[in-house]
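Undergrad: Note that the protein sequences, when read in sequence, are chains A and W.
Here the first sequence is numbered in this note's numbering, starting from 287 and rising by one per residue.
Here the second sequence is numbered in this note's numbering, starting from -3 and rising by one per residue.
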Amino acid sequence: MSSSPAVKLIAFFGSPYAHRAEAALCLKGVPYELLLEDLLRTKSDLLLQHNPVHKKVPVLLHGDRTVCESLVIAEYVDEAFDGPPLLPTDPYDRAVARFWADFIENKLTKPFFMAHWVEGEAREGFEKEGLELLALLEAQLKGNKFFGGDRPGYLDIAASMLGPWRSVVEEVTGVTVAKEEEHPSLCQWARDYSSNEALRPCIPDRDRLLAYFTKNKEMYRAGVRAMLQQ
Amino acid sequence: MAGEKKGLQLLDFWVSPFGQRCRIALSEKGLPYEYLEQDLGNKSELLLRSNPVHKKIPVLLHDGRPVCESLIIVQYIDEAFPGKDGKPALLPADPYARAQARFWADYVDKKLYDCGTRLWKLKGEAQQQARKEMLEILRTLDGALGDGKFFGGEAFGFADVAIAPFTAWFLTYERHGEFSVEEECPRLVAWAKRCGERESVAKNLTPPEKVYEFICGMKKRFGIE
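1. Using a threshold of 7 Å, state whether the C-beta atoms of D102 of chain W and I53 of chain W are closer than that.
2. Return helix, strand or coil for D364 of chain A, following the three-state DSSP convention.
3. Please list, in chain order, the chain W residues whose beta carbon lies closer than 8 Å to that of D388 of chain A.
4. Kindly indicate the opening and closing residues of the beta strand (DSSP E) around T352 of chain A.
5. State the DSSP-derived secondary structure class of Y92 of chain W, mapped to helix, strand or coil.
6. Can you check whether the CB of Y440 of chain A is closer than 7 Å to the CB of S356 of chain A?
7. How would you label P397 of chain A, buried or exposed, when you count the other beta carbons within 10 angstroms and need 16 or more for buried?
8. Does A76 of chain W come within less than 7 Å of chain B when only Cβ atoms are used?
9. Can you pull the chain A residues whose beta carbon is under 7 Å from the beta carbon of D102 of chain W, in chain order?
10. When the cut-off is 7 Å and only beta carbons count, does T377 of chain A lie next to chain W?
11. L36 of chain W lies in the beta strand (DSSP E); which residues open and close that run?
12. Going by beta carbon distance, what residues of the same chain come within less than 8 Å of L472 of chain A, once the five residues before and after it are set aside?
13. For E180 of chain W, does the three-state DSSP call read helix, strand or coil?
14. Would P54 of chain W count as contacting chain A if we go by Cβ distances under 7 Å?
15. Among W:P78, W:S176, W:K51 and W:P161, which residue has its Cα nearest to the Cα of M130 of chain W?
16. Please list the terminal residues of the continuous alpha helix (DSSP H) segment that includes Q516 of chain A.
17. Residues of the stretch 84 to 118 of chain W with a CB closer than 7 Å to any CB of chain A: list them in chain order, please.
18. Can you give me the Cβ contacts of Y506 of chain A inside the same chain, cut-off strictly under 8 Å, excluding the 5 residues immediately before and after it?
19. What is the residue span of the beta strand (DSSP E) that Q474 of chain A lies within?
20. Let me see if you follow: with CB-CB separation under 7 Å, is Y31 of chain W close to chain A or not?
21. Measure the C-alpha to C-alpha separation of V104 of chain W and E415 of chain A and round it to an integer number of angstroms.
22. Can you give the Cα-Cα distance for W475 of chain A and G315 of chain A, rounded to whole angstroms?
23. Going by beta-carbon coordinates alone, are I359 of chain A and A292 of chain A separated by less than 7 Å?
24. Check whether the Cβ atoms of K107 of chain W and I133 of chain W sit closer than 7 Å, and answer yes or no.
25. So what's F455 of chain A in DSSP terms, helix, strand or just coil?
26. Within the 7 Å Cβ cut-off, does Y72 of chain W reach chain A?
27. Just to confirm the assignment, what range does the beta strand (DSSP E) spanning C64 of chain W have?
28. Going along chain A in order, which residues have a C-beta closer than 7 Å to the C-beta of V49 of chain W?
29. At a CB-CB cut-off below 7 Å, which residues of chain A make contact with T136 of chain W?
30. Per DSSP, what are the beta-bridge partners of Q5 of chain W in this structure?
31. Looking only at DSSP bridge pairs, what is E319 of chain A linked to?
32. What residue range does the alpha helix (DSSP H) around L201 of chain W cover?
33. Could you tell me how far apart the beta carbons of L141 of chain W and R183 of chain W are, in whole angstroms, since I believe they sit closer than 8 Å?
34. Measure the C-alpha to C-alpha separation of P204 of chain W and G15 of chain W and round it to an integer number of angstroms.
35. So, under 8 Å CB-CB, P490 of chain A and G300 of chain A are touching, yes? Tell me the CB distance rounded to an integer number of Å.
36. Let me see if you follow: with CB-CB separation under 7 Å, is F385 of chain A close to chain W or not?
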């Protein structure tokens, strides 16, 4: 076995984006060291030095290489390391997986989560939109356990927020948008994702995640109110 | 299947920089295709069937199967037609170089077009803010380019394809922001010239004055002075 440069990941606990990077590493079987940022303190020099453009986590450090942006990291991990493929091999299937990851990123996430956090009249609109978009994504499971088929892959990684985070946000806000009876496939997917053996090291501890969101509840609500005013 | 036709078809809109990314990629790979101009005010059955989720151009149809989202289309073109007639790949072979190319393409997607839209649409304080952001974006790209010939280094590649169409918009940004891209970002302008020397770019970009005319037309339609 050739000795490979060390892999480190700058993250912070509770970040669904940092989780995506961890999930890619876990699924690929790449050992890594987690460097946790403390959100209560100002951003570390290490983070600012390695992600001067966006100043955000996750940041992957692989030897002297730096990779930023969670989905870019996922593709890098898939290509730079040996291990089970995260993306399909067929070019069309790859395009479809990337399309739905982009859909989650740019279309689904905001209204879906706003439907949980927003209070009052505006909530209904977000819920309607969120549910319509969720149905489109759910259809991509196509009777499989995971978006990637038998085992989780790139699109499961991209969708991970709809698993552990969704469950905790539902509890903290008291709002459930994706109801079991109406979205059985997605709800089952979320359970399968959270209990997947390969992902075990990077699934956040639920109690800890719950405490984190409970503690920051007012901050999220305020952020959402500010976004609505724009 | 969205359409039954064999071969490549591109559903597009003449001035769209996103569509132009696809045209450049197809040209770089030497791939023949049928260009189908779309009326965005009256969307065709084919477009709505091919991209029911977003209802937007560009859409690439390959033997009737649709691929949507410009950067996804460019990657698809690169992967589905590898090394044809010795034409080089758009994405480099090295995973790290690929990651860097994807990062900069993503950066442009996240930042450039929306900021540009705010720059020509808005007035007063909001326009000044957009101007400030645009300068920051362009300077960041200038910095990323450094002394390289292209974003990928020696070879024209994915990041260059992603960013080149926006060079036709520099004039529009300049006139609305009252700045000179050449003064602020000389390396970026030199890079734009080098891109423009490539046939794939030269024949697929809208001339800058035409982009400006188009935006002036849009402003009239929106009732903006």
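Glycine included, C-beta positions come from ideal geometry on N, C-alpha and C.
TA: Concretely, from the data shown:
1. no
2. If DSSP states are grouped into helix, strand and coil, D364 of chain A belongs with the helices.
3. E65 and I68
4. For T352 of chain A, the enclosing beta strand (DSSP E) begins and ends at R351 to C354.
5. helix
6. no
7. buried
8. The displayed structure is made up of protein chains A and W, and chain B is not among them.
9. E355 and V358
10. First, the amino acid is wrong: residue 377 of chain A is Pro here, not Thr. Chain W, which has a Cβ nearer than 7 Å to the Cβ of P377 of chain A, makes this yes.
11. Looking at the DSSP string, L36 of chain W is not in any beta strand (DSSP E), and its letter there is neither H nor E.
12. L420, L423, E424, L427, L448 and A464
13. Three-state result, E180 of chain W: helix.
14. no
15. W:S176
16. Careful: Q516 of chain A lies outside any alpha helix (DSSP H) and carries neither H nor E.
17. P91, Y92, R94, A95, R98, F99, D102 and Y103
18. Cβ neighbours of Y506 of chain A beyond the five flanking positions: W403 and F499.
19. Not the beta strand (DSSP E): Q474 of chain A falls in the alpha helix (DSSP H), residues P470 to S480.
20. no
21. About 27 Å.
22. 21 Å
23. Using a Cβ distance threshold of 7 Å, I359 of chain A and A292 of chain A do not count as a contacting pair.
24. yes
25. Correcting the residue type first, residue 455 of chain A is Val in the shown sequence and not Phe. Three-state result, V455 of chain A: helix.
26. yes
27. R61 to C64
28. Chain A residues near V49 of chain W: F389 and L422.
29. V339
30. Its beta-bridge partners are W:E30 and W:L57.
31. A:K294
32. Where L201 of chain W is concerned, there is no enclosing alpha helix (DSSP H), because DSSP gives it neither an H nor an E.
33. 5 Å
34. 16 Å
35. 7 Å
36. yes
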